[in-house]
Amino acid sequence: MRYLVWALRLIVFIVVLMFALKNTNPVAVNFYNDYVVHDVPLIVVMLITFVVGAIFGLLLTVPASMRRRREAQRLRRELDRVQAAVNGQQAPADVAPETIAPMSPL
């Protein structure tokens with residue numbers, strides 16, 4: 001399966017490379033406020049657009065990734081507490097006793 005994935009990646013890379021090499025004509029890039037950059041190779045414009053899109057895509061995944069990491073840490077701590085209770089061990093030192101068994105009123 002690993003070889004199939006690498007073969008597909010190689011094919012996609014070759015197709016994209018051939019497409020890029022066929023599009024090297026100079027173009028004018030128009031920005032806001034009538035600012036124009038002339039004679040920029042189209043391959044550079046496509047590369048910059050791809051990189052900016054990839055960065056934005058990665059930035060959109062960061063909050064969900066951090067949320068999943070915090071949830072996994074919370075579940076690991078809870079699992080450790082449950083295993084300690086099942087094994088008859090004392091609760092870990094970083095957890096206050098009131099969180100495991102509430103204190104009874106006097």
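Following the UniProt record's numbering from start to finish, the sequence shown increments by one per residue and tops out at 106. Glycine included, C-beta positions come from ideal geometry on N, C-alpha and C.
For N87, there is no enclosing beta strand (DSSP E); the residue is found in the alpha helix (DSSP H) stretching over L42 to N87.
Its chain contains A28, V29 and N30 as the residues whose beta carbon lies nearer than 8 Å to that of V36, once the 5 sequence neighbours on both sides are disregarded; these appear in chain order. For F13, the enclosing alpha helix (DSSP H) covers residues R2 to K22. In the DSSP assignment, N30 forms a beta bridge with V36.
The C-beta distance from M46 to A85 rounds to 58 Å, too long to fall under 8 Å, and the pair is not in contact. Judged by their CB atoms, T61 and P41 are not nearer to each other than the 8 Å cut-off.
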